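Everything on this sheet refers to the single structure shown next.
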Amino acid sequence: MPDWLLNIADIALTVLLIYAAIFTRDQPTLRVIRGFLVLIIADKLASYYQLKYLAAVLDQLVRIAAVAIAVAYQSQLRQLLEKLGQGNIKGLLKTVKSHSMDPENEVLDRIVDAVKELSRSRTGALILIETSPTPIDTTDKKDFAQPGIPVYAEVSRELIQAIFYDKNPLHDGSILIRDSRIIAAKVFFKLSDKFTSRQLGSRHLAARSITERIEYCVCVVVSEETGSISLAQGGELNRPLTSSELKDLLLEYFGSGDRESVTPSLGDLGRQLKSQGEDLLKFLRQLNLPFTNKD
C-alpha cells in the first residue's frame, strides 16, 4: 500500500477518534474512548523509546481492546457501516441526542402521573426507558437475568399502575418502554458488583447497574418502603425527586424539537479541535519529547 494512502488513513482515523472523544456525551462510551486513546499513546511512546517488551505487550493490548470495542458496540458499528454504504454522510455527522418519544403525545405525562400515584400508594416500581433508536436487547444474558414477558401495549397511567399492583404476577422486575409502548414486563437486570449499599434496595441497585452497563436509557425507581422517586442514568441516582422534578429531568432526554442535533459548524469544530490539540501539546511538551521541541 502506498505511503500517502497510509498517511491519509492514519490522519482520518485520528480525527475520528478525537471527534468521538469531544462530542460523545455518554459517560461509559467516553471512558472507553479515553482509555483506548491512552492505550494507543502509551503504545506509541513505548515504541518511540524502543522499550521492546513493553511495546510488544501494549501492542497486543491495543489489538485486543479494538476487538473488544467492536464486539461491545457492534450495533453502533453496524449503523455506521450502513450509513457509509448508503453514502449518508449527513446522517453520519449527526449525534443522537434522545429517542423519538414525542412529549406532545403526553407519553411523558402518563409515565409521570403513574409514578406519582405509585409513590403516593408506596407501590414499588422499576421503569426502564430507552433514550436511543438502538433497541435494548433484553435477551442479552450479560445485562439481563430474565428477558421479561412481552406486552407491546400503549403506555397509559392505568396500565403502569396495574402492572405494578402487588397482586399482579408481572409486578416484580421492571417494565421496558420504547417510544410510546410498553415492550415487556417482569424484566430482571443483572446486578453489578460495583454497587453495594445498605441504604439502597434491590430496585435502586438494579437501576444503577443497568444504566451503568447500557448507555442509552434511564430508569425510574419508586421505593416500596418510602414511596420516594429516583431516576438513574449512567449508573448514578438522582434522589429523592418530586414528580415535577422527575418530569423536568425526563424532558432533558425527551425534550421538544429535533431529536437529532447536527454537529457543530466547521468553525466551532476547528476551535474545539484547536483547544484540545493545544492541551495535548502542552502535556507532551511536559514529557520533553524530542518531536515536540520547536528547535
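According to numbering that gives the first Met the number 0, the stretch in the sequence shown is residues 0 to 294, in order. Glycine included, C-beta positions come from ideal geometry on N, C-alpha and C. This one's a predicted model, so the numbers in the text were calculated from it and none came from an experiment.
Practice item. Tell me where the alpha helix (DSSP H) around lysine 115 begins and ends. Key: Looking at the DSSP string, the run of the alpha helix (DSSP H) that includes lysine 115 is 106–119.
Review point. Got a sec, what are the start and stop residues for the alpha helix (DSSP H) isoleucine 209 sits in?
Key: Where isoleucine 209 is concerned, the enclosing alpha helix (DSSP H) stretches over 201–212.
Check your understanding: For glutamine 314, does the three-state DSSP call read helix, strand or coil?
Key -> Lying before the first or after the last residue shown, residue 314 is absent from the chain, which here runs from 0 to 294.
Point to revise | Limits of the unbroken alpha helix (DSSP H) element including glutamine 160 | key: 156–162 is the span of the alpha helix (DSSP H), which, as asked, contains glutamine 160.
Check your understanding: What residue does the beta strand (DSSP E) around glutamate 129 start on, and which one ends it?
Key -> Per DSSP, glutamate 129 belongs to the beta strand (DSSP E) from 124–129.
Review point. Within 10 angstroms of its Cβ, does glutamine 49 collect 16 or more other Cβ (buried), or is it exposed?
Key: Under this definition glutamine 49 is an exposed residue.
Review point. Taking DSSP as the reference, what is the three-state secondary structure of leucine 5?
Key: In the structure shown, leucine 5 sits in a helix (DSSP, three-state: H, G or I).
Review point. If you count every other CB in all the chains shown that lies within 10 Å of the CB of arginine 180, and 16 or more means buried, which is it?
Key: The residue in question, arginine 180, is exposed, as its Cβ has fewer than 16 Cβ neighbours within 10 Å.
Check your understanding: What is the DSSP secondary structure of leucine 169, reduced to helix, strand or coil?
Key -> Looking at leucine 169 - three-state DSSP - the assignment turns out to be coil, as it is neither helix nor strand.
Review point. Which residue or residues does DSSP assign as beta-bridge partners of serine 229?
Key: Under DSSP, serine 229 takes part in a beta bridge, and its partners are Val220.
**Study point:** Distance CB(alanine 113)-CB(isoleucine 174) smaller than 8 Å
**Key:** Result no, Cβ atoms of alanine 113 and isoleucine 174 do not sit closer than 8 Å.
Check your understanding: Could you give the distance in angstroms between the alpha-carbon of serine 222 and the alpha-carbon of threonine 122?
Key -> Roughly 7 Å between the two C-alpha positions.
**Study point:** glutamine 198 versus Pro146, Glu224, Glu157, residue with shortest Cα-Cα distance
**Key:** Among Pro146, Glu224, Glu157, the Cα nearest to that of glutamine 198 belongs to Glu224.
Point to revise | Best match in Ser118, Arg156, Arg212 for proximity to lysine 140 [C-alpha to C-alpha] | key: Comparing Cα positions, the closest option is Arg212.
Practice item. State the start and end residues of the unbroken beta strand (DSSP E) segment that holds leucine 236. Key: Where leucine 236 is concerned, the enclosing beta strand (DSSP E) stretches over 235–240.
Check your understanding: Is it right to say leucine 117 is buried, meaning 16 or more other beta carbons lie within 10 angstroms of its own, or is it exposed?
Key -> Per the 10 Å Cβ criterion, buried.
Practice item. May I ask you to verify whether the region 128–142 touches the region 201–220, counting CB pairs closer than 8 Å and requiring at least 3? Key: Contact between the region 128–142 and the region 201–220 is present, because at least three Cβ pairs lie under 8 Å.
Check your understanding: Roughly how many angstroms separate the alpha carbons of glutamate 244 and threonine 195, rounded to a whole number?
Key -> Between the alpha carbons of glutamate 244 and threonine 195 lies a distance of about 26 Å.
Exercise for review: Could you tell me the boundaries of the beta strand (DSSP E) in which phenylalanine 188 lies?
Suggested key: Per DSSP, phenylalanine 188 belongs to the beta strand (DSSP E) from 180–188.
Review point. Cβ atoms of valine 61 and aspartate 42: under 8 Å apart, would you say?
Key: In contact: aspartate 42 and valine 61 (Cβ atoms closer than 8 Å).
**Study point:** asparagine 167 versus valine 217 - alpha carbon distance
**Key:** Taking the straight line joining both Cα atoms gives about 24 Å.
Exercise for review: Would you grab the beta carbon distance between valine 186 and leucine 127 for me? Rounded to a whole angstrom, and I think it's under 8 Å.
Suggested key: Right, the Cβ-Cβ distance comes to about 7 Å (below 8 Å), so this counts as a contact.
Review point. Is glutamate 214 buried or exposed, if buried means 16 or more other CB atoms sit within 10 Å of its CB?
Key: Buried is the call here.
Check your understanding: Going by beta carbon distance, what residues of the same chain come within less than 7 Å of isoleucine 63, once the five residues before and after it are set aside?
Key -> Nothing meets the Cβ criterion.
Exercise for review: Give the straight-line distance between the Cα atoms of alanine 231 and leucine 204, rounded to the nearest whole angstrom.
Suggested key: The alpha-carbon atoms of alanine 231 and leucine 204 are separated by roughly 10 Å.
Exercise for review: Reducing DSSP to helix, strand and coil, say where leucine 60 ends up.
Suggested key: Note: leucine 60 maps to helix in three-state DSSP.
Review point. What are the residues that DSSP puts in a beta bridge with glutamate 153?
Key: In DSSP, glutamate 153 forms a bridge with Arg180.
Check your understanding: Under a three-way DSSP split, which group does leucine 175 fall into?
Key -> Three-state DSSP puts leucine 175 in a strand.
Review point. Going by beta carbon distance, what residues of the same chain come within less than 7 Å of serine 97, once the five residues before and after it are set aside?
Key: With a pLDDT of only 45 at serine 97, under 50, the local geometry of the prediction cannot be trusted, and no value is derived from it.
Check your understanding: How would you label valine 66, buried or exposed, when you count the other beta carbons within 10 angstroms and need 16 or more for buried?
Key -> Counting the other CB atoms within 10 Å of its CB gives valine 66 a total below 16, which places it among the exposed residues.
Exercise for review: Would you decide whether alanine 8 is buried or exposed? Buried here means 16 or more other CB atoms lie within 10 Å of its CB.
Suggested key: Taking a 10 Å sphere around the C-beta of alanine 8, we find fewer than 16 other C-beta atoms and assign the residue as exposed.
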